[in-house]
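Take a look at the structure below.
Protein chains in written order, with our numbering: chain A, 135 to 484; chain B, 840 to 1177.
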């Protein structure tokens, strides 16, 4: 087996703020194999976007990054901005949530793709233009030879995001990062964009890290999934295992809170009581313990590490929970559903 | 509500007929006098019965929010009729409309923008009482406390300001404010789309409980098809200002007949990896046309895989195919896409 495309080891990101140090990400480790699609899911403030920015070296200067991120064997953490230019776009590229802010409104789509192509490849302007048309065709833009001379404002949201995908794939990177690539889009447009992302992966043979809060999108495209909570990885599994036998109560709660659009069953949705911890306080014990219906004394004193679930010989399914082998779907579901909204409100109310 | 339709709720609480809302849009920078008309809603008709949830779904620009605003007379209907308990609302003056609003309240999408940051949440919740002259020193505070308890908030928080609350709690405050007048109809404009999924679940459960207890009718405007299936009794799908299909929830999700409904359902991702791999995808070509220059005939024809000549020349009527399942398509065909 070849070396992984991305190897992250003990990544931690801290921010110094007026109210103290914010541990946005702690102890994050994973390997991304060639052509793998890794979904990183979590709710607001779980550290998923900070993680993706760290992977491409785009965190603000105020961020203190430690640990190691290797892309294709090259270390990102501590690399100079100048060296990052060589890597960004060529080895790793990024697709942001809002295509209007990631495209420059005063240049044509074609100009922006050609810029990306010529930044990393020796190519005449004419050849680069042909290459840009090829990239637009690949990402599913109708009439690419006309579209290439359009400005971003002439495109709809979905077309813009497909143009961004064309730029991201321009130099056949080893890995693409996509941070909520379809969140701002309508559902039929979302399907168009996901299709264009899939054909970009096909054409470039790149791996993908997909950061999202939408478990449906993850279920559709990811092979592996990381669930983040309070800046930590709390579960890491193959997509089927994660959805079928989650081992962390938080994952259970998250899956149980999604209404289903494939059945008419009007079961009560599970609600997770309370809110995530403020990241400025040092965490004692499991960060989810205050909200966890299964929490025991050990959960409040000792932070669980990410360990293999069950007797899986490959160790592909890991969870950070003292009771990862005892969590059963039934028990957790009933525990979450038995919660009274009044308790939730009182607990939340500062 | 799980209950079947019975004869007693056959008279609709809210009845909308041939609603048309056009906006005249003058170009701000053009020197030409020409203005163009945005056809936001074009001839929508539907009924809302007591204690039921009807959802309007569709993508950006389909007219679902405008429909909700027109019902509240926040957008002026160009033509058509809107009746609340038999009383016509179109054409009423502001003063005539005011008492009616007590039975017709709205919960907005953005829990951050819809609360005045300088008012305590207690005053925000009490404001509708004051506006409608129902506030008294004796009963007012108790009504506020009661509304807060109904939505799962501790009445002790009444003197706090919105910034002290999370998104989910603010949405509960918005619901308490809408409920305090005991309205018959509540318009829910994307009530959970700004919330994280675990918080969203709590608000959805709350809305279901309130409906069961007080028999309020909900007209929900939403784009999330999973949320819509969870909370609705009936669903209307809108495309470019028109209702293209309306049916009971199970008919609409299990046997959609309009090609647009089918594409919409097929495009929505499902949080189940095995199912996701089996599902067939319907990827629509192109984008939604501009509502200021909609296509002739069927408005979906420019993106429809089934379009024929007749679709351009004749507008398909919203036709009841039985069991209250109505479709506006020349070539309807039930198809399971989930």
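Cβ atoms here follow ideal geometry from the backbone N, Cα and C, with glycine treated the same way.
C-beta neighbour in chain B for residue i, strict 8 angstroms
i, result
"residue 237(A)", "no"
"residue 402(A)", "yes"
"residue 388(A)", "yes"
"residue 393(A)", "yes"
"residue 351(A)", "yes"
"residue 373(A)", "yes"
"residue 290(A)", "yes"
"residue 480(A)", "Interpretation of residue 480(A) is limited by its pLDDT of 37, a score under 50 that renders its predicted location unreliable; no figure is taken from the coordinates."
"residue 152(A)", "no"
"residue 116(A)", "The question about residue 116(A) has no answer, for chain A in this structure spans 135 to 484."
"residue 282(A)", "no"
"residue 137(A)", "no"
Neighbour-count burial assignment, residue i, 16 or more Cβ in a 10 Å radius
i, result
"residue 273(A)", "buried"
"residue 970(B)", "exposed"
"residue 385(A)", "buried"
"residue 194(A)", "exposed"
"residue 486(A)", "This structure cannot settle anything about residue 486(A), because the visible part of chain A is limited to 135 through 484."
"residue 1115(B)", "buried"
"residue 418(A)", "exposed"
"residue 225(A)", "buried"
"residue 846(B)", "Any reading at residue 846(B) must be qualified, since the residue scores a pLDDT of 44, below 50, and its modelled position is unreliable; the value itself is stated next. So residue 846(B) ends up on the exposed side."
"residue 313(A)", "buried"
"residue 876(B)", "exposed"
"residue 849(B)", "exposed"
Residue i - containing alpha helix (DSSP H), residue span
i, result
"residue 352(A)", "349 to 355"
"residue 293(A)", "291 to 302"
"residue 1057(B)", "Premise fails: residue 1057(B) lies in the beta strand (DSSP E), 1056 to 1061, not in any alpha helix (DSSP H)."
"residue 332(A)", "321 to 338"
"residue 934(B)", "933 to 939"
"residue 948(B)", "Segment: none, residue 948(B) is in no alpha helix (DSSP H) and carries neither H nor E."
"residue 960(B)", "960 to 970"
"residue 1091(B)", "1088 to 1093"
"residue 1077(B)", "It is not in any alpha helix (DSSP H) - residue 1077(B) instead sits in the beta strand (DSSP E) that spans 1073 to 1078."
"residue 182(A)", "182 to 189"
"residue 228(A)", "Here residue 228(A) belongs to no alpha helix (DSSP H); instead the beta strand (DSSP E) covers 226 to 229."
"residue 223(A)", "First-last for residue 223(A): undefined, no H or E at that position."
"residue 985(B)", "979 to 989"
"residue 151(A)", "Premise fails: residue 151(A) lies in the beta strand (DSSP E), 140 to 151, not in any alpha helix (DSSP H)."
"residue 234(A)", "233 to 236"
Option in the options with minimal Cα separation from residue i
i, options, result
"residue 1021(B)", "952(B), 1070(B), 940(B), 996(B)", "940(B)"
"residue 1109(B)", "224(A), 413(A), 325(A)", "325(A)"
"residue 322(A)", "902(B), 875(B), 1126(B)", "1126(B)"
"residue 1083(B)", "897(B), 1149(B), 891(B), 1120(B)", "897(B)"
"residue 1003(B)", "1074(B), 1053(B), 960(B), 1163(B)", "960(B)"
"residue 389(A)", "1175(B), 1031(B), 1036(B), 1046(B)", "1036(B)"
"residue 883(B)", "849(B), 987(B), 913(B), 903(B)", "903(B)"
"residue 165(A)", "267(A), 337(A), 309(A)", "309(A)"
"residue 908(B)", "889(B), 928(B), 924(B)", "928(B)"
"residue 1174(B)", "1153(B), 1113(B), 1095(B)", "1095(B)"
"residue 379(A)", "316(A), 363(A), 450(A), 213(A)", "450(A)"
"residue 173(A)", "396(A), 345(A), 371(A), 404(A)", "345(A)"
"residue 416(A)", "435(A), 428(A), 307(A)", "435(A)"
"residue 331(A)", "425(A), 207(A), 311(A), 369(A)", "311(A)"
"residue 233(A)", "438(A), 371(A), 208(A), 295(A)", "295(A)"
Closer than 8 angstroms to chain A by CB, residue i
i, result
"residue 842(B)", "Unreliable positioning characterises residue 842(B) in this predicted model, as indicated by a pLDDT of 46, which lies under 50. A coordinate reading is not provided."
"residue 983(B)", "no"
"residue 1043(B)", "yes"
"residue 1065(B)", "yes"
"residue 986(B)", "no"
"residue 1027(B)", "no"
"residue 998(B)", "no"
"residue 1040(B)", "yes"
"residue 1177(B)", "yes"
Start and end residues, beta strand (DSSP E) containing residue i
i, result
"residue 204(A)", "197 to 205"
"residue 158(A)", "154 to 166"
"residue 172(A)", "171 to 175"
"residue 389(A)", "First-last for residue 389(A): 383 to 390, but that is the alpha helix (DSSP H), not the beta strand (DSSP E)."
"residue 249(A)", "No beta strand (DSSP E) holds residue 249(A); the alpha helix (DSSP H) holding it covers 243 to 254."
query: In chain order, what residues of the region 1102 to 1126 of chain B put their CB closer than 9 angstroms to some CB of chain A?
result: 1102, 1103, 1104, 1105, 1106, 1107, 1108, 1109, 1110, 1111, 1112, 1113, 1114, 1115, 1116, 1118, 1120, 1121, 1122, 1123, 1124, 1125, 1126
query: Listed in chain order, which residues of the region 293 to 321 of chain A have Cβ atoms closer than 8 angstroms to some Cβ of chain B?
result: 293, 320, 321
message: Using a Cβ-Cβ cutoff of 8 angstroms, what residues of the region 894 to 910 of chain B are near chain A? List them in chain order.
response: 898, 899
message: Using a Cβ-Cβ cutoff of 7 angstroms, what residues of the region 1073 to 1088 of chain B are near chain A? List them in chain order.
response: 1088
task: Please name the residues in the region 171 to 187 of chain A whose beta-carbon is closer than 8 angstroms to at least one beta-carbon of chain B, in chain order.
output: 177, 178
message: Short of 7 angstroms Cβ to Cβ, which residues in the region 402 to 418 of chain A face chain B?
response: 402, 403, 404, 405, 406, 409
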